[in-house]
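Just below is one structure, and these are the notes that go with it.
Numbering (our numbering), first residue to last: 1126 to 1270.
Shown next as structure tokens:
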């Protein structure tokens, strides 16, 4: 099984409706393809971990590269793994007052609090913590090591 961690920039800020649609399509496609992972989005930036069979991960990466909502895709980690870090699809979203009520959306602030213990892979935890620290409005709410 392959696990990929990447960051990318959105080509424009995404609305709540766009976030909801991404989650719905991702869940359907990921279930079909045996892919799990997590997606964090804040202020025009994506942080994503995807894991699953290598051919399906490669196909997903090609779709992401063609997705007009993404730019500046930077792969941070790629590894063969024997077990999943994220057995259920998760999406983090930051707006506490207007978070979509779709099941599976987790507040980015909640992810920030869990970042150092989110998975057994310390590299993912460190990268996610760094991603969250990059946003002043999040970093000031939750001191992170």
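No residue lacks a Cβ here, since even glycine has one placed at the ideal position from N, Cα and C.
These figures come from a predicted structure and were not determined experimentally.
Answer yes if the region 1171-1183 comes into contact with the region 1148-1162, meaning at least three C-beta pairs across the two stretches below 8 Å, and no otherwise. yes
Between 1194, 1193 and 1200, which has its C-alpha nearest residue 1182's C-alpha? 1200
With a Cβ-Cβ cutoff of 8 Å, do residue 1244 and residue 1210 count as a contact? yes
Rounded to a whole number of angstroms, what is the C-alpha to C-alpha distance between residue 1270 and residue 1198? Model confidence at residue 1270 stands at a pLDDT of 42, short of 50, so the residue's coordinates are unreliable and nothing is read from them.
Taking a contact to mean a Cβ-Cβ separation below 8 Å, would you say residue 1130 touches residue 1202 in this structure? yes
Could you spell out the range, first to last residue, of the beta strand (DSSP E) harbouring residue 1252? No beta strand (DSSP E) contains residue 1252, which is instead part of the alpha helix (DSSP H) from 1247-1258.
In terms of DSSP beta bridges, what is residue 1171 paired with? 1133 and 1166
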